[in-house]
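Visitor: Going by full-length UniProt numbering, the sequence shown opens with residue 1, and the numbers climb by one from there. Okay, handing you the structure first.
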Amino acid sequence: MLQQETHLHHEHVTVMPDMRGNDLRPGILEDMALMLGRQFAVYNSACQSALAEKLGIPLADLKALELVMEFDALPTGQLAQLMGISSGGATALINRLEAAGYVQRGRHPLDRRMIVIRPVEEPCQQLLQERQWISEAVVTTARRYDASELETMHTYLAQCVRALRHDTLVWLDARSAHPAL
C-alpha cells in the first residue's frame, strides 16, 4: 500500500512507502503511478475523442460536460479554469451545451451573483450509457480477482480520487482568490 501526499500547487508528490510493501516486485509502485498519472489520462482522452465524434459534438464540449457531471454544479469561472479557456470561451461553450439540452444555468446557493452550471439528468444519462462499455470491461476484468483484492483496489482508487478531487478544489479556490496565478 502507498501513502501519498499530493500538492498540485507545489507541483510535487511526496511518496512515503508503507512497510507492508516490502515484498512488492521492483518497479510496481512506479508502474502504478505511471498508469494512474499518464496512461489512464491518455486513453481516456482518446475515448473522449471517439465519443465526441460519435455524438457529433465538439471535443471541448464533451470535456466540459464531463467536468460538470463530475462536480454536479460548477461555477462558470471554475469551468473556464479547468478547461484552460477564457470566460468568453466558457460562455460560448456553455451556450452550446445549454442549447443541446445537456446543462442548465442557475444561481449559486450561497452567492446569488455567481452562475453555476448543472447537468440535465436525462441527456447526461444517455451520455453515461454511451460509456457503459467501459464499466462492462472493468467488471469483466474484476472477475479475475477475489473480494479481498477488489476491496483493496477499491479503497486505493477511492483514496487517489479523493486526493485528486481535494487538490483540484484547493487549486480552483486558490485561482479564484488570486486570478493572476
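Where is the CB? At the ideal position from N, CA and C, for every residue including glycine.
Hey, which unbroken runs of the alpha helix (DSSP H) at 4 residues or more fall wholly within the stretch 73-98?
Guide: 76-83, all fully within the stretch 73-98.
Visitor: Under 7 Å between the Cβ atoms of Leu-59 and Ala-50?
Guide: The count along the sequence shown starts at 1 and reaches residue 59 at position 59. The count along the sequence shown starts at 1 and reaches residue 50 at position 50. Contact flag unset, no.
Visitor: How would you label Val-13, buried or exposed, when you count the other beta carbons within 10 angstroms and need 16 or more for buried?
Guide: By one-based count along the sequence shown, residue 13 stands at place 13. With a pLDDT of only 43 at Val-13, under 50, the local geometry of the prediction cannot be trusted, and the value read off the model is given with reservation. Under a 10 Å Cβ-count criterion, Val-13 is classified as exposed, with fewer than 16 other Cβ atoms of the shown protein chains found around its own Cβ.
Visitor: What span of residues does the alpha helix (DSSP H) with Val-161 cover, start to end?
Guide: For the purposes of this step, residue 161 is taken as the residue at position 161 of the sequence shown. Taken as a continuous stretch (DSSP letters only), the alpha helix (DSSP H) holding Val-161 covers 147-177.
Visitor: Closest to Val-103 by CA distance: which of Cys-160, Ser-86 and Leu-62 is it?
Guide: Stepping through the sequence shown from its first residue, residue 103 is reached at position 103. Val-103 has its Cα closest to that of Leu-62, out of Cys-160, Ser-86 and Leu-62.
Visitor: What are the partner residues of Gln-104, as DSSP defines its beta bridges?
Guide: Taking the sequence shown and counting its residues from 1, the one referred to as residue 104 is at position 104. Partner(s): Arg-118.
Visitor: State the Cα-Cα distance for the pair Arg-162 and Ile-117, rounded to the nearest angstrom.
Guide: As a first step, residue 162 must be located in the sequence shown, where it is residue number 162. As a first step, residue 117 must be located in the sequence shown, where it is residue number 117. Approximately 22 Å between the Cα atoms of the pair.
Visitor: Taking the Cβ atom as the reference point for each residue, do Met-35 and Ala-64 lie within a distance shorter than 7 Å?
Guide: Against the sequence shown, residue 35 aligns to sequence position 35. Against the sequence shown, residue 64 aligns to sequence position 64. No, they are not a contact pair.
Visitor: Kindly list the residues whose CB is nearer than 8 Å to the CB of Asp-72, restricted to its own chain and excluding five residues on each side of it in sequence; keep chain order.
Guide: Mapped onto the sequence shown, residue 72 falls at position 72. Arg-118 and Pro-119.
Visitor: Helix, strand or coil: which one does DSSP assign to Arg-113?
Guide: The count along the sequence shown starts at 1 and reaches residue 113 at position 113. It is coil, neither helix nor strand.
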